[in-house]
Amino acid sequence: GDYRDWTAQIAPLAAHFRVIAYSRRYHYPNPWTGDSSDYTLERNAADLVAILQALHLPPVHLVGHSYGGSVAAIAVAAHPELVRTLTLVEPSLFSLLTDDAEGRAVVARQNAAYVQVIARLDRGEREGVLRDFIDLVAGPGAFDHAPPEAHTEMMDNLPTLKPLLAGKNRGAPLTRHNLPALQIPVLFTGSERSAQIFHLTEDNLEAALPDVRRITLKGVSHFSAREDPAAFNAGLLGFLGGANR
Numbered sequence: 007g008d009y010r011d012w013t014a015q016i017a018p019l020a021a022h023f024r025v026i027a028y029s030r031r032y033h034y035p036n037p038w039t040g041d042s043s044d045y046t047l048e049r050n051a052a053d054l055v056a057i058l059q060a061l062h063l064p065p066v067h068l069v070g071h072s073y074g075g076s077v078a079a080i081a082v083a084a085h086p087e088l089v090r091t092l093t094l095v096e097p098s099l100f101s102l103l104t105d106d107a108e109g110r111a112v113v114a115r116q117n118a119a120y121v122q123v124i125a126r127l128d129r130g131e132r133e134g135v136l137r138d139f140i141d142l143v144a145g146p147g148a149f150d151h152a153p154p155e156a157h158t159e160m161m162d163n164l165p166t167l168k169p170l171l172a173g174k175n176r177g178a179p180l181t182r183h184n185l186p187a188l189q190i191p192v193l194f195t196g197s198e199r200s201a202q203i204f205h206l207t208e209d210n211l212e213a214a215l216p217d218v219r220r221i222t223l224k225g226v227s228h229f230s231a232r233e234d235p236a237a238f239n240a241g242l243l244g245f246l247g248g249a250n251r
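With the working numbering, letter number 157 in the sequence shown gets 163, and the count goes up by one each step, no holes.
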């Protein structure tokens, strides 16, 4: 994905806040300037911190989805002074699941699937592997049910998929033992139809953090902000309104 993921959020949120959506390194329309070996959670989090510092913003309401949610959480852990609230939409912080047998088994299955995705990408498969990957993270049929503009966006960013998956286990992962006790309010937005691994991750985050609100959107998959923007936006604005009081 890229900044276009948030198209349905920008106008409703901009009625109340200054809104900035950005694309991570190598994501559309950003150029490829290296060999992608620097595509890690740690590097992406440092990029986000650099953006916030360069804009000289007061503490922000930070929202991140999936891998972007992991990037946001790692950035906040390193620089909590930059953030007022944190909203995580099914973050892929699967390192939080390594403390028990169920979590380790779920992560092992997911990693095995990722290895197969990388192998297919190396063989030059494109649309087929993209469909299977999206269905893996969002549920069977998710790719075919997505609108044409979503397919275009995914294909635009397909070159980032291999470095994203290959770099997930590099850098400094967060675990329940080293996750800082963030004092800022945190919202978890989950989806009813998402894979078990995301629900388990949210359970572990909720147990580790002191000020948490959790919303589960009905009838949607991992791409809830696109699939049901009205419900997603209402939940987010309700959280941010309460955080502002």
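All residues carry an ideal CB built from backbone N, CA and C; glycine is no exception.
request  = Could you tell me the distance, in whole angstroms, from the CA atom of Met160 to the CA atom of Gln116?
outcome  = 20 Å
ask   = Could you give the distance in angstroms between the alpha-carbon of Phe149 and the alpha-carbon of Val82?
value = Cα to Cα, Phe149 sits roughly 31 Å from Val82.
ask   = Any contact of the region 87-107 with the region 58-76, i.e. 3+ C-beta pairs under 8 Å?
value = yes
ask   = Taking Cβ to Cβ, would you say Ser101 is nearer than 8 Å to His228?
value = no
query = How about Thr104: is its C-beta nearer than 8 Å to some C-beta of chain D?
reply = Of the chains in the structure shown, none is chain D; there is only one protein chain.
query = Which parts of the region 144-229 are runs of the beta strand (DSSP E), unbroken and 3 residues or longer, counting only runs that do not cross its ends?
reply = 192-197 and 218-223
task = Give me whichever residues DSSP pairs with Leu63 in a beta bridge.
result = DSSP, once it has assigned bridges, lists no residue as partnering Leu63.
request  = Within 10 angstroms of the Cβ of Val121, are there 16 or more other Cβ atoms? Answer buried if so, exposed if not.
outcome  = It is exposed - the Cβ of Val121 has fewer than 16 other Cβ atoms within 10 Å.
task = Out of Gly247, Thr166 and Ile203, point me to the one whose CA is closest to Ala114's CA.
result = The option with the nearest alpha carbon to Ala114 is Ile203.
message = Please list the terminal residues of the continuous beta strand (DSSP E) segment that includes Val89.
response = Val89 to Val95
query = Between Leu223 and His205, what straight-line distance do the alpha-carbon atoms span, to the nearest angstrom?
reply = So the two alpha carbons sit approximately 12 Å from each other.
key: Close beta carbons around Thr181, own chain, < 7 Å, minus the five adjacent residues each side   = Ser101, Leu102 and Thr104
query = Between which two residues does the alpha helix (DSSP H) containing Ile16 stretch?
reply = Thr13 to Ala20
ask   = Taking Cβ to Cβ, would you say Thr207 is nearer than 8 Å to Pro97?
value = yes
ask   = Out of curiosity, what's the CA-to-CA distance linking Arg30 and Glu108?
value = Arg30 and Glu108 have their alpha carbons spaced roughly 32 Å apart.
key: Assigned secondary structure, Val135 (DSSP; H/G/I helix, E/B strand, else coil)   = helix
ask   = Just how far apart, CA to CA, sit Pro35 and Pro146?
value = 29 Å
message = For Asn163, which residues in the same chain have their Cβ closer than 8 Å to its Cβ, ignoring the five residues on either side in sequence?
response = Gly7, Asp8, His33 and Tyr34
message = On a Cα-Cα basis, can you pick out the residue from Lys168, Ile140 and Ala144 that is closest to Arg126?
response = Lys168
ask   = With a Cβ-Cβ cutoff of 8 Å, do Ala27 and Ala51 count as a contact?
value = no
message = If distances are taken between C-alpha atoms only, which option among Val112, Arg232 and Asp44 comes closest to Glu155?
response = Arg232
request  = Name the residue from Ile57, Leu94 and Ser42 whose alpha carbon lies nearest to the alpha carbon of Leu242.
outcome  = Leu94
query = Where DSSP assigns a beta bridge to His71, which residues make up the other side?
reply = Val95
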